[in-house]
Amino acid sequence: PTSSSWTKIFFAERLSLFIRVLALPCRVVFHHFSPLLYASRPSLLHAFLVVIALFSHEIDRSVSEAVVDRLFALTQDTSVEARFRLLAVNWLIALSAKKRSTFGLLWA
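Quick look at the structure:
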């Protein structure tokens, strides 16, 4: 199954090599993963966040705000399992701690 959640994570984690070798700009790769921001499965959202982490120094502030809004919404959504809500908190912490990231600006 080439379109499974785990396959998307596998490719997202290995993108940095292809991006460096081919000198791809952010927009070439990012638009393929951006719909995953609103995925209902945590594994798909994780694939999106892996790509975001690769380009955290290049993405627009509006994208950063959308990611943070989505993650905050997940933490407050009582219909989501508690473990996934905690995972969203962990993702927020990880993104804000990344150096040279636009996510740090959102905590100021």
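Sequential numbering of the sequence shown, starting at 255, is according to my numbering. Glycine included, each C-beta is placed from N, C-alpha and C at the ideal position.
Looking from the CA of S258, the closest CA among L299, A320, E335, F309 belongs to L299. Annotation: the continuous alpha helix (DSSP H) that includes L271 extends over 259-276. Comparing C-alpha distances from V322 to each of S297, A336, F265, A348 shows the shortest one belongs to A348.
Out of A307, Y292, P296, the CA that lies nearest to the CA of C280 is found in A307.
CA-CA distance, L341 to A327, rounds to 12 Å.
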